[in-house]
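Asker:
2 protein chains.
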Amino acid sequence: MALSFFDYVERINSLLRSWQRDDAELSMVPAVQLSALRYLSICNHYSDTVMGVTDYLGLTKGTVSQSLKALEERQWIYKEPDLQDKRIVHLKPTAAGLAVVQQLVAVQVLQQAVQQLGPELEQQLTGALHQLLSHVQRQEQRKSFGLCKSCRFHQQQDGLPFCGLTQQPLPVTSTQLICREHQDPA
Amino acid sequence: MALSFFDYVERINSLLRSWQRDDAELSMVPAVQLSALRYLSICNHYSDTVMGVTDYLGLTKGTVSQSLKALEERQWIYKEPDLQDKRIVHLKPTAAGLAVVQQLVAVQVLQQAVQQLGPELEQQLTGALHQLLSHVQRQEQRKSFGLCKSCRFHQQQDGLPFCGLTQQPLPVTSTQLICREHQDPA
DNA sequence: TTCATAATGTATCGACTCGATACTTAATTC
DNA sequence: GAATTAAGTATCGAGTCGATACATTATGAA
């Protein structure tokens, strides 16, 4: 009997915790806040809301609302009311917030370790993970949070990216970000 | 730019959280307690202590001591003092505790999804993860928590398993479990 | 042997997370 | 226009978590 995939995930999680605790600057920052901050740095303009973070992190909106409030007090994000829907607030990382994301030790160490695998193994690893999540999402009816450009609603109109779900043109930068409405092509 | 390995890990973590919260019976049980319980169900007799759990989960011993106390109150584990070292207490899952471990939805869903990948992809995935953790462990001087039988101290003596580190014979069942003293072969 | 040091584990405290509940405001539907 | 739905906030209690202090037992050196 060998270690299961679940065991590896648990092990990696423990390592992530350890790295964060050993980080002199960020050890006092709750892990959820950093996860939310990182999400906000890689999600598109349809997804940078309280509910977006809520779905992504798998928590309740009350909990998330509090963590985001803390992030705002740290001045790592700021809020911007939506122009169309007055219920919605967009959450955007500040320059300081982005700097924090880029200094996350966990991301750096993992990235370095992945690179040591070499391009083939890295390809196999992320490919298998992608497929795995795809299966899970299909079976469980969960959101996939995939890249905008890999979405079944992603289109081109007059040479510019366009979202077939919202029927709106897309900022070019959005297509490289993840979206809470993402659906794999059939 | 595609999703990074870190992104996949974060995504899987969110799913794990969601599954646990949706679990009718276990949603009230803190995730740390379940992680500790599962660890105790797959670790050998050198590792089933407060410090073993502490190292594995990447927390402090005070925190872990509390969670284990809660597990004991649920009667999912029981304590057994060490015969040689009177400071040490061994933590063993009860029958009820083992039943809980085997009903963890997260483990089941992930296992099912991995199986859908097929044997080759599964092999690639776990192989890459194993190598990845190996690199990380070497660079960061962290514990690897690998399988007893894959340890550089694992030996045979009179046809029976033997630990070269503790200089003690090993129960046959231990060799299939993970150990906090595990070291990869040079 | 004896005394200092280290290791395992527990107890307590305060800051914080997290889910549950209740609530406000705004959009949508009928 | 009323009912319903959705986004977000506020508050509360149980529990996590790190820090600190402490008790007990091992270990190692003088």
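The listed protein sequences derive, respectively, from chains A and B.
Basically the working numbering = 1-based index in the first sequence + 327.
Basically the working numbering = 1-based index in the second sequence + 327.
For glycine and all other residues, C-beta sits at the position ideal for the given N, C-alpha and C.
Just so we're clear, the structure is a prediction, and the values are computed from it rather than from any experiment.
What in chain B is Cβ-close to Tyr335/A, meaning under 8 Å?
Answerer: Position 8 of the first sequence, counted from the start, is the residue given in the question as residue 335/A. Under the 8 Å cutoff, chain B gives Thr453, Leu456, His457 and Leu460.
Asker: Counting only beta-carbon atoms, is Val436/A nearer than 8 Å to chain B?
Answerer: Here the question's residue 436/A lines up with position 109 in the first sequence. Chain B, which has a Cβ nearer than 8 Å to the Cβ of Val436/A, makes this yes.
Asker: Let's see if you can read the secondary structure: which residues bound the alpha helix (DSSP H) around Phe333/A?
Answerer: Working through the first sequence from its first residue, we reach residue 333/A at position 6. Per DSSP, Phe333/A belongs to the alpha helix (DSSP H) from Phe332 to Asp349.
Asker: Just checking my contact of Leu504/A with Asn371/A at CB under 8 Å: how many whole Å lie between their CB atoms?
Answerer: The residue you call residue 504/A lines up with position 177 of the first sequence. The residue you call residue 371/A lines up with position 44 of the first sequence. The pair is a contact, with the Cβ atoms about 4 Å apart (cut-off 8 Å).
Asker: Starting from the beta carbon of Ser368/A, find every residue of chain B whose beta carbon is closer than 8 Å, and list them in chain order.
Answerer: Indexing the first sequence from 1 puts residue 368/A at position 41. Near Ser368/A there are no residues of chain B at all, since even the closest Cβ is about 11 Å away, more than 8 Å.
Asker: Say whether the region 420-433 of chain A touches the region 392-405 of chain B, bearing in mind that this needs 3 or more beta-carbon pairs closer than 8 Å, one atom from each stretch.
Answerer: With a cut-off of 8 Å, the region 392-405 of chain B and the region 420-433 of chain A do not count as touching, because too few Cβ pairs lie within range.
Asker: Nearest-angstrom Cα distance between Gln484/B and Asp409/B?
Answerer: Taking the first residue of the second sequence as 1, we reach residue 484/B at position 157. Taking the first residue of the second sequence as 1, we reach residue 409/B at position 82. Taking the straight line from one Cα to the other gives about 25 Å.
Asker: State the start and end residues of the unbroken beta strand (DSSP E) segment that holds Leu487/A.
Answerer: Here residue 487/A refers to the residue found at position 160 of the first sequence. Looking at the DSSP string, the run of the beta strand (DSSP E) that includes Leu487/A is Leu487 to Cys490.
Asker: Kindly list, in the order they appear in chain B, the residues whose Cβ is closer than 7 Å to that of Gly424/A.
Answerer: Here residue 424/A refers to the residue found at position 97 when the first sequence is read from its first residue. By Cβ distance, chain B contributes nothing, its closest Cβ being about 17 Å from Gly424/A, past 7 Å.
Asker: Is it buried or exposed, Thr390/B, if we count other Cβ atoms within 10 angstroms and call 16 or more buried?
Answerer: What you label residue 390/B is simply residue 63 of the second sequence in a count that begins at 1. Thr390/B is exposed by the Cβ-count criterion.
Asker: Would you mind telling me which residues of chain A sit closer than 8 Å to Arg469/B, beta carbon to beta carbon, in chain order?
Answerer: Stepping through the second sequence from its first residue, residue 469/B is reached at position 142. Within 8 Å Cβ-Cβ: Leu342 and Ser345.
Asker: Extract the residue ranges of the alpha helix (DSSP H) inside the region 441-503 of chain B, only unbroken runs of 4 or more that lie entirely within it.
Answerer: Runs of the alpha helix (DSSP H) inside the region 441-503 of chain B: 446-467.
Asker: Please state whether DSSP places Lys406/B in a helix, a strand or coil.
Answerer: The residue labelled residue 406/B in the question sits at position 79 within the second sequence. Lys406/B falls in the strand class under three-state DSSP.
Asker: So for Val419/B, helix, strand or coil by DSSP?
Answerer: Translated into the one-based positions of the second sequence, residue 419/B becomes position 92. In the sequence under discussion, the amino acid at residue 419/B is Lys, which differs from the Val named in the question. Note: Lys419/B maps to strand in three-state DSSP.
Asker: Are the C-beta of Ser394/A and some C-beta of chain B separated by less than 8 Å?
Answerer: By 1-based counting over the first sequence, the position of residue 394/A is 67. Cβ-Cβ to chain B under 8 Å: no for Ser394/A.
Asker: Quick check: the Cα distance between Arg465/A and Leu444/B, rounded to an integer number of angstroms?
Answerer: To locate residue 465/A, count along the first sequence from 1; it is residue 138. To locate residue 444/B, count along the second sequence from 1; it is residue 117. Roughly 14 Å between the two C-alpha positions.
Asker: Using Cβ-Cβ distances below 7 Å, what residues of the region 439-450 of chain B are close to chain A?
Answerer: The residues in question are Ala440, Val441, Gln443, Leu444 and Leu448.
Asker: Tell me where the alpha helix (DSSP H) around Asp382/A begins and ends.
Answerer: Working through the first sequence from its first residue, we reach residue 382/A at position 55. Per DSSP, Asp382/A belongs to the alpha helix (DSSP H) from Val377 to Leu384.
Asker: Could you check whether Arg507/A and Tyr383/A sit closer than 8 Å to each other, using their CB atoms as the reference points?
Answerer: The residue given as residue 383/A occupies position 56 in the first sequence. The residue given as residue 507/A occupies position 180 in the first sequence. Cβ distance < 8 Å, so Tyr383/A and Arg507/A count as in contact.
Asker: Is there at least one Cβ from chain B nearer than 8 Å to Ile339/A's Cβ?
Answerer: What you label residue 339/A is simply residue 12 of the first sequence in a count that begins at 1. At least one chain B Cβ lies under 8 Å of Ile339/A.
Asker: Can you find a C-beta in chain B that's less than 8 Å from the C-beta of Ala433/A?
Answerer: Sequence index remark: in the first sequence, residue 433/A carries index 106 (1-based). Interface residue, yes.
Asker: Measure the C-alpha to C-alpha separation of Leu395/B and Ser345/A and round it to an integer number of angstroms.
Answerer: Along the second sequence, one-based indexing puts residue 395/B at 68. Along the first sequence, one-based indexing puts residue 345/A at 18. Taking the straight line joining both Cα atoms gives about 19 Å.
Asker: Have a look at Leu398/B and Lys388/B and give me their C-alpha separation to the nearest angstrom.
Answerer: Position 71 of the second sequence holds residue 398/B. Position 61 of the second sequence holds residue 388/B. Cα to Cα, Leu398/B sits roughly 15 Å from Lys388/B.
Asker: Verify the CB distance criterion: does Tyr405/A have a CB-CB separation below 8 Å to chain B?
Answerer: Counting from 1 along the first sequence, the entry for residue 405/A is found at position 78. No, because no Cβ of chain B sits closer than 8 Å to the Cβ of Tyr405/A.
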